Amino acid sequence: MIGKLFIIGTVFLLGSFGGGAFWLKKNYDSGKLQEKIIERALPTLKNSPMSMDIFRGALGMDKPRTYLVLLLNNTELRPGGGFIGAYAVARVDRGRPTILKVEGSEIIDNAAKAATTTPPPELAKYLGLKNWQFRDSNWSPDFPTDARRALEFYSKEGGLLADEVSGVIAATPDVFEEILGVIGPIKVGGIEFTRDNFTETLEYEVEYGFEKRGLEFHERKNLLGDLSSALLPRLFGSVLTHWGDYLKIILTMLDQKHIMLYSTLADEQTDILKQNWGGKMKESAGDYLLWADANLGALKTDVVIARSLSYSIAPSSSRFIATASMRYHHTGGITWRTSRYRDYARIFVPKGSKLVGSTGADDRVDEGDEGGRHWFGAFFSLNPGGEAELAFTYLLPENIKKDIEGRAYSLNVQKQPGTDRIRLTLELRFDKPLKGAAPAETPEKFGDDLYQMVSDLKTDREFNVNFH
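For any residue, its number in our numbering is found by taking its place in the sequence shown, counting from 1, and adding 10.
Structure below.
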C-alpha cells in the first residue's frame with residue numbers, strides 16, 4: 011500500500027503544479043531520486059497487495075509513463091469533485107517526474123471548437139452549453155467514468171501526448187493546503203501563500219489580480235508554474251525528513267476523495283479500486299445513497315455553503331419508503347467570489363426505487379439511470395444569507411424489505427468527491443426491534459425499532475443493522 015502512496019507522492023505531490031523541470035534535472039539526473047524511491051518502497055512492499063511490477067511500471071522504471079493531472083476546484087463544486095479549472099501533463103521516467111505542460115482548461119477547450127459533443131441536458135438547460143468539453147467532463151460522481159470521459163475529450167481536443175496517457179490523477183486545493191501546512195508559507199512575486207489563504211488567494215490572482223501584474227487573460231494561470239518553482243525545492247528538501255507527514259496527507263486525501271486515481275491499465279486499475287482510491291460508486295446489494303451537487307454558474311459560492319444531509323426510512327404497505335434531504339445554509343454575500351447559489355442536485359439510490367414526491371426544487375424533478383443506480387435530480391437556487399431544504403421521497407425496491415425480513419439491513423452512504431463538513435443524520439425505522447447495529451447507537455437507544463445516528467461525510471460511511 012505505501013509503495014503506491016509513494017507513486018502518488020512522486021507523480022502528484024512533486025509535480026502537479028507544473029514547472030520545476032530545471033530544478034529536477036539539476037538535482038536528480040544522477041539517479042538519486044530512483045535510489046530513494048526504491049529504498050523507501052522495498053521494506054513496505056512485502057506487506058502490500060501491489061506487485062513490484064506495478065510499482066515499477068507506475069514510476070516509469072522500465073519505460074516512461076505519462077499522466078493527465080486534473081486540478082479540481084471544489085469551491086465550484088461539480089459531481090466529480092470540482093470544476094476542472096486547470097490541468098497538467100506529467101511524465102515519469104525512472105522515478106523522475108517532469109511537467110510537460112500546465113494551463114487553464116479553457117485554453118484547450120477554446121482552441122478545439124470543432125470537437126463537439128452533446129452536453130447533458132442539465133448543462134445545456136442551466137448553463138446554456140451547446141458543446142460538452144474537457145473542463146465540464148466530470149459530470150458523474152463516479153471517478154472512473156469521469157476519467158475516461160476526460161481522456162476522451164482531451165484526445166478529441168488535441169491534447170498533448172493524448173495517445174500516451176496511461177493514468178489520470180485528480181486533486182482538490184485541499185491537498186496543497188495540507189502541504190503548505192507542513193512546509194510553511196511560500197512567496198511568489200510578492201504574494202504570500204499559506205495553508206489558510208492558498209485557495210482564495212490563487213482564485214483572486216487568476217480571476218482579477220493578473221491584470222494588476224500586467225498579464226494578459228491567457229497568461230493568468232501562469233502563476234501555477236511560478237508556484238511550482240517555489241514549492242518543489244521546499245518539497246524535495248523536506249520529503250525525507252517529513253515523510254510521515256506527507257504519508258498521512260496522502261492517506262487522508264485519498265480516503266476523503268481529495269485525491270483520486272485512474273489507470274488505463276487493467277491490473278493497475280484493479281489495484282486502485284481494491285485500495286478504494288479510485289472514487290468509484292460502490293456496488294452493494296443493500297440500501298445506498300450518494301448526494302451530488304453541481305454548482306452551475308454561481309462563481310465559487312460553495313466555499314460559503316454549509317450542508318446537512320438527513321436520511322430516513324419507514325415501513326409502508328408493501329415497500330419501505332425513504333426520504334433524503336439536504337439542508338443548505340448560504341453563509342456568504344455578493345462578492346467577487348460568491349453569489350446567489352445555483353445548484354443542480356442529484357441523489358443516486360438503489361435501482362428500482364420509485365419517486366413519490368419532492369420539495370424545495372425550483373423546477374421539475376428529473377430521473378435516470380447511471381452506474382447501476384437510479385437517480386433523481388432537481389435545480390434550486392438560494393440567496394445569500396438564506397437557508398433551504400431540498401428533499402426527495404421515494405419507495406425503496408422490494409429487495410430492501412426482503413433483507414429486513416431476513417433480519418439484516420445495510421446502508422452505504424458515499425460522499426461526493428471534493429466535499430467537506432457535511433453532517434449526516436440517520437433515522438431508520440423498521441417493523442421489528444433491533445438486535446444490534448454497527449456503528450452502535452448509544453445504550454439508552456437500544457432495543458426499539460428505530461436506528462438513529464449522527465455522523466459526517468468526511469469519508470464514505472457504511473451502516474449495518476440486524477434484528478431479532
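The C-beta atom is built at its ideal place from N, Cα and C for all residues, glycine as well. The structure presented is a predicted model; accordingly, all values stated were derived computationally and were not measured.
For residue i and residue j, what's the separation of their Cα atoms in angstroms?
i    : j    : result
F390 : L242 : 42 Å
E437 : E86  : 31 Å
N409 : G382 : 15 Å
I282 : W346 : 39 Å
A240 : I260 : 21 Å
R356 : D72  : 44 Å
S273 : S176 : 6 Å
F358 : G168 : 33 Å
A316 : N305 : 14 Å
K111 : D173 : 15 Å
E213 : L234 : 11 Å
G342 : R101 : 41 Å
F93  : D146 : 7 Å
D312 : P449 : 30 Å
S363 : F220 : 50 Å
G224 : V216 : 12 Å
L365 : S318 : 22 Å
L139 : N476 : 48 Å
E278 : I344 : 45 Å
F440 : G114 : 51 Å
E132 : E380 : 15 Å
Y97  : S248 : 25 Å
E202 : P183 : 16 Å
S8   : D458 : As shown, the chain starts at 11 and ends at 478. That puts residue 8 outside it, with no answer to give.
T251 : I189 : 14 Å
V464 : R88  : 26 Å
L467 : P107 : 34 Å
Determine the contact status of residue i and residue j, defining contact as a CB-CB distance below 8 Å.
i    : j    : result
G91  : A180 : yes
L406 : D297 : yes
T78  : G95  : Just to set this straight, residue 78 is Leu in the shown sequence, not Thr. Not in contact: L78 and G95 (Cβ atoms no closer than 8 Å).
G378 : Y354 : no
A401 : L392 : no
W253 : L271 : no
A324 : W301 : no
V198 : D236 : yes
K411 : R352 : no
D470 : K442 : no
R431 : P394 : no
Considering only C-alpha positions, which residue in the set the options is nearest to residue i?
i    : options                : result
S165 : E187, T126, I189, I201 : T126
N120 : H252, N141, R75, R352  : N141
A10  : N83, I64, D72          : Because the chain in this structure spans residues 11 to 478, residue 10 falls outside the shown range and cannot be described.
V185 : M263, E213, L110       : M263
H384 : Y404, K425, S335       : Y404
L245 : P195, D152, Q266, H228 : P195
Y256 : V178, G224, E187       : E187
A295 : Y321, I414, T182, G224 : I414
T348 : D376, E210, R433, T76  : E210
K123 : T108, Q143, G105, R106 : Q143
L170 : I193, I109, G199, K135 : I109
S150 : P427, S328, T251       : P427
K291 : N422, E217, R88, R431  : In the sequence on display, residue 291 carries Met and not Lys. Comparing Cα positions, the closest option is N422.
R337 : I118, Q462, R433       : R433
V178 : T128, G289, D103       : G289
E293 : R75, E472, P107        : E472
G396 : G446, H340, G105       : H340
K222 : A447, E454, G200       : G200
Around the Cβ of residue i, are there at least 16 other Cβ atoms within 10 angstroms (buried) or fewer (exposed)?
i    : result
R374 : exposed
G70  : buried
T369 : exposed
T155 : buried
I269 : buried
R159 : buried
R417 : exposed
F227 : exposed
F208 : buried
I64  : buried
Y461 : buried
I118 : buried
V99  : buried
H478 : exposed
P360 : buried
Closer than 7 Å: is that where the CB of residue i sits relative to any heavy atom of the ligand COA?
i    : result
V102 : Judged by which ligands are present, the structure shown has none, so any question about the ligand COA falls away.
Would you say residue i faces chain D, with C-beta separation under 8 Å as the test?
i    : result
D303 : Absent here is chain D; the protein component of the structure consists of one chain.
Practice task
Please specify which runs of the alpha helix (DSSP H), each continuous and at least 4 residues long, are wholly inside the region 201 to 228, giving them in chain order.
Solution key: Segments of the alpha helix (DSSP H) lying fully in the region 201 to 228: 208 to 214.
Practice task
Go through the region 73 to 142 residue by residue and report every complete run of the beta strand (DSSP E) that reaches 3 residues or more, in order.
Solution key: Listed in chain order, the complete beta strand (DSSP E) runs (minimum 3 residues) inside the region 73 to 142 are 75 to 83, 93 to 103, 106 to 114.
Practice task
Please list the segments of the beta strand (DSSP E) lying wholly inside the region 368 to 407, counting only runs of 3 or more residues, in order along the chain.
Solution key: For the region 368 to 407, whole beta strand (DSSP E) runs of length 3 or above, ordered along the chain, are 376 to 380, 383 to 392, 397 to 405.
Problem - Completely contained beta strand (DSSP E) runs for the region 227 to 287, where each covers 3 or more residues - result: As for any beta strand (DSSP E) of minimum length 3 sitting wholly inside the region 227 to 287, the runs are 269 to 273, ordered along the chain.
Practice task
Quick one: which unbroken beta strand (DSSP E) runs of 3-plus residues sit fully inside the region 297 to 357? Chain order, please.
Solution key: Segments of the beta strand (DSSP E) lying fully in the region 297 to 357: 297 to 305, 315 to 325, 330 to 340.
Practice task
Output the residue ranges of the alpha helix (DSSP H) runs that lie fully inside the region 406 to 457 and measure 4 residues or longer, sorted by chain position.
Solution key: Counting only unbroken stretches of 4 or more residues, the alpha helix (DSSP H) elements lying wholly within the region 406 to 457 are 408 to 415, in sequence order.
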